[in-house]
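Asks: When the letters of the sequence shown are read in order and numbered with the working numbering, they come out as residues 3 to 679.
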Amino acid sequence: MPSNDLPAEELRFGRIPIINVTPVVECGRIPAKAIPGEDLVIGATVFREGHDLVGVSAVLYDPEGTEIQRVRMHPVGIGLDRWGGLLRPEGTGSWSFAVEGWADLYSTWHHNAEVKINAGVDTDLMLAEGAALFRDAAQERTGDSARIFEAAAAALADTGLPVEDRLAAAASDAVLAVLDREPIRDLVTSSPRFPLHVERELAGRGAWYEFFPRSEGAKLDPATREWTSGTFRSAARSLQRVADMGFDVIYLPPVHPIGVTHRKGPNNTLVAGPGDPGSPWAIGSAEGGHDAIHPDLGTFEDFDAFVDTARELGLEVAIDLALQASPDHPWVTSHPEWFTTRVDGTIAYAENPPKKYQDIYPLNFDNDFTGLSEEILRIVLMWIGHGVKIFRVDNPHTKPLRFWEWLIKTVNEKHPEVIFLAEAFTRPPMMHALGMAGFQQSYTYFTWRNTRKELEEYFTEVSSETAAFFRPNFFVNTPDILTEFLQYGGPAAFKIRAVLASTASPLWGVYAGYELFEHVARPGAEEYIDNEKFEYKERDFAAAEAEGRSLAPYITRLNEIRHTHPALGDLQNLTVHSSTDESIVVYSKHKEVRPGDPASRDTLIIVVNTDPHSARECGVSLDLGALHLDPKDFNDDGTFWVDDLLSGQSWRWGAHNYVRLDAHFEPAHILSVRRNS
Numbered sequence: 003m004p005s006n007d008l009p010a011e012e013l014r015f016g017r018i019p020i021i022n023v024t025p026v027v028e029c030g031r032i033p034a035k036a037i038p039g040e041d042l043v044i045g046a047t048v049f050r051e052g053h054d055l056v057g058v059s060a061v062l063y064d065p066e067g068t069e070i071q072r073v074r075m076h077p078v079g080i081g082l083d084r085w086g087g088l089l090r091p092e093g094t095g096s097w098s099f100a101v102e103g104w105a106d107l108y109s110t111w112h113h114n115a116e117v118k119i120n121a122g123v124d125t126d127l128m129l130a131e132g133a134a135l136f137r138d139a140a141q142e143r144t145g146d147s148a149r150i151f152e153a154a155a156a157a158l159a160d161t162g163l164p165v166e167d168r169l170a171a172a173a174s175d176a177v178l179a180v181l182d183r184e185p186i187r188d189l190v191t192s193s194p195r196f197p198l199h200v201e202r203e204l205a206g207r208g209a210w211y212e213f214f215p216r217s218e219g220a221k222l223d224p225a226t227r228e229w230t231s232g233t234f235r236s237a238a239r240s241l242q243r244v245a246d247m248g249f250d251v252i253y254l255p256p257v258h259p260i261g262v263t264h265r266k267g268p269n270n271t272l273v274a275g276p277g278d279p280g281s282p283w284a285i286g287s288a289e290g291g292h293d294a295i296h297p298d299l300g301t302f303e304d305f306d307a308f309v310d311t312a313r314e315l316g317l318e319v320a321i322d323l324a325l326q327a328s329p330d331h332p333w334v335t336s337h338p339e340w341f342t343t344r345v346d347g348t349i350a351y352a353e354n355p356p357k358k359y360q361d362i363y364p365l366n367f368d369n370d371f372t373g374l375s376e377e378i379l380r381i382v383l384m385w386i387g388h389g390v391k392i393f394r395v396d397n398p399h400t401k402p403l404r405f406w407e408w409l410i411k412t413v414n415e416k417h418p419e420v421i422f423l424a425e426a427f428t429r430p431p432m433m434h435a436l437g438m439a440g441f442q443q444s445y446t447y448f449t450w451r452n453t454r455k456e457l458e459e460y461f462t463e464v465s466s467e468t469a470a471f472f473r474p475n476f477f478v479n480t481p482d483i484l485t486e487f488l489q490y491g492g493p494a495a496f497k498i499r500a501v502l503a504s505t506a507s508p509l510w511g512v513y514a515g516y517e518l519f520e521h522v523a524r525p526g527a528e529e530y531i532d533n534e535k536f537e538y539k540e541r542d543f544a545a546a547e548a549e550g551r552s553l554a555p556y557i558t559r560l561n562e563i564r565h566t567h568p569a570l571g572d573l574q575n576l577t578v579h580s581s582t583d584e585s586i587v588v589y590s591k592h593k594e595v596r597p598g599d600p601a602s603r604d605t606l607i608i609v610v611n612t613d614p615h616s617a618r619e620c621g622v623s624l625d626l627g628a629l630h631l632d633p634k635d636f637n638d639d640g641t642f643w644v645d646d647l648l649s650g651q652s653w654r655w656g657a658h659n660y661v662r663l664d665a666h667f668e669p670a671h672i673l674s675v676r677r678n679s
């Protein structure tokens, strides 16, 4: 037996054991991620010796260390000693949380009293112990709480009342309400405080739209077949269209000068013609590098005006941070040590076998880590000075992880509002580690998850297993990615992917042309034919919408639903339900907007036919507990009303329901549970 004076810090367990606390990343060395107003699922395994019962709370502390919120946690599962609860930080900064366990004196007494009194054992003793428990607890409280406990003690001690009335007085609604707020606790034990990094809302919520500014306003002369590039000024006129669809972020591929050496031509051909603009990712020419603007797009004054216009429309500008160089980049001559030189004296160009990128030199951090890192920091800070607060980072998994940890930490210390999105389609450990290193968001495997089984597994993974460190941004397409599902699924496929992306994750993105159902791929590749990476593209969005050939109204409606339904703004509140059809995926999202107010509950049930070629009908079974229904929400027949936010129709639903979704008409329901409370 340990001596009573053994320092507690030398023991692994407190008086009430608390283990396996979540969300905790790398034993607390890395803060878990959060955004203001987001409900964080707190979990812990808490138990004690013997048969006495325990209670558990989650406690939230603000950056100053002040306790802000305390919630009772509830058992998760049966017989697992696992507890769960929700905490909600409301501001940014370095927050923390802890889990407390204690001996639940009331629950232990009440359980034993019920069992013994029903069996006729120790009736008077159990009632007397209850009276003593409430008297002692009343002395530690004031106001109504003390009076309610005193009344319970008096009733328990009143031998003139029937036994069942005396026991019932100790479990009245008034008593239980006080116990919920102020439990009777003993042997209180706390876990360590675990870090929680709360960043601004766009770090975890937002709809992204990508366009190439050189294509926005670009014109082809029909006589000469020569293009005139779009500019920041012409692209600014397209921002209203993006804002009208309800997007929050406008993302621009690299806007820097483009190299001439080994410039790629249309469809990634090796030879470019005199009018071919080249890939924006082949950064650097005689006009400058990462700290310069392509002359065709305009000047820094034009860029600043573009940022100002976006801000006035409620949009934030994200730019690409692509850490690579064309053979013509100034760095190639000023800092050749920042690249890899092969044995024949040439600089190695980028490869992703069998793909070759002869127009791009990758950077090598190992020759001059400090010098190259400081130069990149200078560039990032320069763009921040021009109003950029969001960087989409190209291929971050090809650079050292320690560099990203240093860069993001250094930038966020000066500018905590700055957000980095990782474009890393690579192995899960690297994708996850980038999140731990500081990236606020990441591209994901969602693009290639198409079947019901694949979607259910992936939604569960990103909403629960990795949510503490990996924020998924569900882009439906990119200039590099046109999946077979979109190539061959027709307009229904575009609706399906948009509904899934916009409702399953608080972050989603669209690359321009998606709303026009662009779906023709370059033969043998998962890329668009006549890819905009290598040429200008002139689109008539207005004509397509006027003629009913645009998905823009549908996308607008999806973003409207996102903005008006807070449940879609959280990541960890997704529950997968079941259907009898292998192509029908069902999931729900729930949020109590004002904690403790049932009338503020926002609950959506999303049902999607993932088969873009046919109609599907099936049974849908719901976990009603995940919907947090109030008794007042039910009709007399045990059903409740749901309103489809896409079609405007309403139905009575219950635990088991019939669904028919015709992909060619409307492949999805977004059902809002009607609240009557």
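Glycine is no exception: its CB is placed at the ideal position from the N, C-alpha and C atoms.
These figures come from a predicted structure and were not determined experimentally.
Please classify P4: is it buried, with 16 or more other beta-carbons within 10 angstroms of its beta-carbon, or exposed?
Replies: For P4, the predicted structure reports a pLDDT of 47, less than 50, and the residue's modelled location is therefore unreliable. A value from the coordinates is still provided. Exposed, because fewer than 16 other Cβ atoms sit within 10 Å of the Cβ of P4.
Asks: Give me the Cβ distance between I252 and L317, rounded to the nearest whole Å; I'm assuming they're in contact under 8 Å.
Replies: Indeed they touch by this definition, with Cβ atoms about 5 Å apart.
Asks: Skipping 5 residues on each side, what residues in its chain have a beta carbon closer than 8 Å to that of L737?
Replies: Residue numbering for the chain in the displayed model covers 3 to 679; residue 737 lies beyond these limits and cannot be assessed.
Asks: Suppose only complete runs of 3+ residues qualify. What are the beta strand (DSSP E) ranges in the region 379-403, listed by chain order?
Replies: Segments of the beta strand (DSSP E) lying fully in the region 379-403: 392-396.
Asks: I think H592 touches A628, with their Cβ atoms under 8 Å apart; what is that distance to the nearest whole Å?
Replies: Sure, about 7 Å apart at Cβ, within 8 Å.
Asks: State the DSSP-derived secondary structure class of S466, mapped to helix, strand or coil.
Replies: S466: helix per DSSP, three-state reduction.
Asks: Which ranges would you report for the alpha helix (DSSP H) in the region 475-541 if only whole runs of at least 4 residues count?
Replies: Here the runs fully enclosed are 486-490 and 492-506.
Asks: Whole beta strand (DSSP E) runs in the region 98-163 with 3 or more residues, listed along the chain?
Replies: The region 98-163 contains no whole beta strand (DSSP E) run of 3 or more residues.
Asks: With a Cβ-Cβ cutoff of 8 Å, do I321 and W385 count as a contact?
Replies: For I321 and W385, yes; Cβs fall inside 8 Å.
Asks: The alpha helix (DSSP H) that contains V244, what's its start and end?
Replies: That run of the alpha helix (DSSP H) goes L241 to D246.
Asks: What are the complete beta strand (DSSP E) segments, minimum 3 residues, inside the region 305-367?
Replies: The qualifying runs are 318-323, 352-354 and 357-359.
Asks: Should W18 be labelled buried (16 or more other beta-carbon atoms within 10 Å of its own) or exposed?
Replies: It should be pointed out that residue 18 corresponds to Ile in this sequence rather than to Trp. It is buried - the Cβ of I18 has at least 16 other Cβ atoms within 10 Å.
Asks: Output the distance between the C-alpha atoms of I37 and A288, rounded to the nearest integer angstrom.
Replies: Looking at the two C-alpha atoms, the distance is approximately 43 Å.
Asks: Among R235, A220 and F234, which one has its Cα closest to the Cα of E228?
Replies: Taking only the C-alpha atoms, the option nearest E228 is A220.
Asks: Please look up how many angstroms separate the CB atoms of I362 and S328, rounded, as I've assumed it's under 8 Å.
Replies: Correct: roughly 6 Å between the Cβ atoms.
Asks: If you draw a straight line from the alpha carbon of E102 to that of L560, how long is it in whole angstroms?
Replies: Straight-line Cα distance between these residues: approximately 41 Å.
Asks: Should Y513 be labelled buried (16 or more other beta-carbon atoms within 10 Å of its own) or exposed?
Replies: Answer is buried; the Cβ neighbour count reaches 16.
Asks: Under three-state DSSP, which class holds A225?
Replies: Of the three classes helix, strand and coil, the one that applies to A225 here is coil, per DSSP.
Asks: Below 8 Å between beta carbons: does that hold for I608 and D646?
Replies: Not in contact: I608 and D646 (Cβ atoms no closer than 8 Å).
Asks: Could you check if A670 is buried or exposed, using at least 16 other CB atoms within 10 Å of its CB as the buried criterion?
Replies: Counting Cβ neighbours within 10 Å, A670 comes out buried, since at least 16 surround it.
Asks: Quick check on DSSP: helix, strand or coil for P614?
Replies: Coil, per DSSP.
Asks: What are the start and end residues of the beta strand (DSSP E) that includes N637?
Replies: Neither: N637 is in no beta strand (DSSP E) and is coded neither H nor E.
Asks: Compare the Cα-Cα distances from V244 to each of F636, Y516 and V644 and report the closest residue.
Replies: It is Y516.
Asks: Pick helix, strand or coil for V627, following the three-state DSSP scheme.
Replies: Residue 627 is actually Gly in this sequence, not Val. Note: G627 maps to helix in three-state DSSP.
Asks: So, for G267: in the same chain, excluding its five sequence neighbours on each side, which residues have a beta-carbon less than 7 Å away from its beta-carbon?
Replies: Cβ neighbours of G267 beyond the five flanking positions: V273, A274, G275, D278 and F536.
Asks: Rounded to the nearest angstrom, what separates S217 and G261 at their Cα positions?
Replies: Those two C-alpha atoms are separated by around 18 Å.
Asks: How is the alpha helix (DSSP H) around I557 delimited, first residue to last?
Replies: That run of the alpha helix (DSSP H) goes A554 to T566.
Asks: CB-CB under 8 Å to V595, same chain, minus the five flanking residues each way: which ones, in chain order?
Replies: If we look at V595 and ignore the five residues flanking it on each side, its Cβ neighbours are P568, S602, R603 and D604.
Asks: Would you say the region 580-587 touches the region 440-455, given that touching needs at least three Cβ pairs under 8 Å?
Replies: Verdict: yes, contact present.
Asks: Suppose you measure from the CA of A544 to the CA of V522; what does that come to, to the nearest Å?
Replies: Cα to Cα, the separation comes out at about 21 Å.
Asks: Grouping DSSP H, G and I as helix and E and B as strand, with all else coil, what is Q585?
Replies: Sequence check: residue 585 is Ser here, not Gln. Correct three-state label for S585: coil.
Asks: Should H331 be labelled buried (16 or more other beta-carbon atoms within 10 Å of its own) or exposed?
Replies: H331 comes out buried.
Asks: If you draw a straight line from the C-alpha of L648 to the C-alpha of D638, how long is it?
Replies: About 27 Å.
Asks: To the nearest whole angstrom, what separates the beta carbons of L488 and Q443, a pair I think is in contact under 8 Å?
Replies: Not a contact, Cβ separation roughly 22 Å.
Asks: Measuring only between beta-carbons, confirm whether E534 sits less than 8 Å from chain B.
Replies: The question asks about chain B, but that chain is absent: this structure has only one protein chain.
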